[in-house]
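Data block below; observations after.
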Amino acid sequence: MVDMKNVNVHYSSGVDALVDINLHINDGEFVFIVGESGAGKSTLMKLMMREITPSSGRVFVNGRNLGTLKGNKIAMFRRSIGVVFQEFRLIQDYTVYENVAFALRVADSSNKTIRQRVPYVLNLVELGPKAKHKVRELSGGEQQRVAIARALANDPGLLIVDEPTGNLDPKRSYELVGLLKEINRCGTTVIMITHEHELVRYFGGRIINLDKGSITFDEMMGGSDYYEE
Ligand code: ADP
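Here it is, written out as structure tokens:
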């Protein structure tokens with residue numbers, strides 16, 4: 000669950016990145032967040048993962064008031080959500096397996112859990128056969144799936160995916176959303192940030208549009224193709 004009440008983010012540079020945001024996302028939803036570059040999408044994501052706090056207003060995620068979290072509680076909160084960054088932030092010299100295992104290790108998981116969980120999430124993203132490959136040997140699309148597997152390692156209730164603006168080909172984007180829909184069907188709330196309007200029109204669902212820091216559109220839209228059949 001994500002709940003924002005009268006949220007404003009004012010950067011010290013003088014920019015109002017978000018203006019009076021009121022937003023509620025229920026458990027189990029799949030939401031696209033769209034908007035032009037500079038609209039405030041990344042700022043919204045940073046709020047949800049408690050990388051920043053709002054200048055005013057309140058942000059709740061999974062029942063926690065993020066404004067009141069301190070020190071160790073912030074780290075614990077971050078482990079309870081999964082985030083896929085635009086630039087993936089993987090360890091290039093580690094294998095696929097080690098990248099995912101690392102996320103479990105820092106969360107104090109037992110070796111037994113790691114041995115069970117890593118193959119499970121790698122199979123989910125269809126990267127089981129590449130487990131022993133170094134990340135640097137993988138394509139952009141594969142690296143993105145490693146990042147998703149890592150984000151899912153600790154079985155988060157909420158997955159936030161910031162779509163890479165780089166050179167993933169369009170086919171990959173469609174496959175990515177297909178995979179995220181599958182993950183969502185298994186019960187994880189998914190929030191995907193994207194600038195690809197065509198992709199969003201194709202899949203449909205709840206679409207939130209940001210424009211100059213404000214929500215200008217928040218509705219359910221039918222997709223152009225019924226993907227689930
Ligand atoms: P988007 O992700 O939609 O491209 P951002 O959230 O990155 O938008 O940015 C929203 C606005 O805030 C932009 O005008 C951007 O230049 C500004 N901005 C983003 N991050 C910072 C920052 N750390 N300091 C100052 N201004 C920022």
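According to numbering that gives the first Met the number 0, the sequence shown holds residues 0 to 228 in order. Heads up, the beta-carbon is just placed ideally off N, CA and C, and yes, glycines get one too. As the structure is a computational prediction, the values presented were derived from the model and not from experiment.
Query, Result
"Any non-hydrogen atom of ligand 1 closer than 8 angstroms to residue 54 Cβ", "no"
"Test item: CB-CB of residue 188 and residue 157 under 9 angstroms", "yes"
"Closest residue to residue 212 among 2, 6, 1, 23 (Cα-Cα distance)", "6"
"Per DSSP, the bridge partner or partners of residue 208", "33, 216"
"Every unbroken beta strand (DSSP E) inside the stretch 135-199 [3 residues or more]", "157-161, 188-193"
"Three or more C-beta pairs below 8 angstroms linking the stretch 121-141 and the stretch 200-212", "no"
"Cut-off 6 angstroms between Cβ atoms - residues of its own chain near residue 133, not counting five sequence neighbours on either side", "94"
"Separation of residue 106 from residue 112, as counted between CA atoms", "11 angstroms"
"Any non-hydrogen atom of ligand 1 closer than 8 angstroms to residue 152 Cβ", "no"
"Neighbourhood of residue 32 by C-beta, 6 angstroms cutoff - its chain only, sequence neighbours within 5 removed", "40, 192, 207"
"Nearest-angstrom Cα separation, counted from residue 140 out to residue 205", "25 angstroms"
"Cβ-heavy atom distance, residue 42 to ligand 1, below 8 angstroms", "yes"
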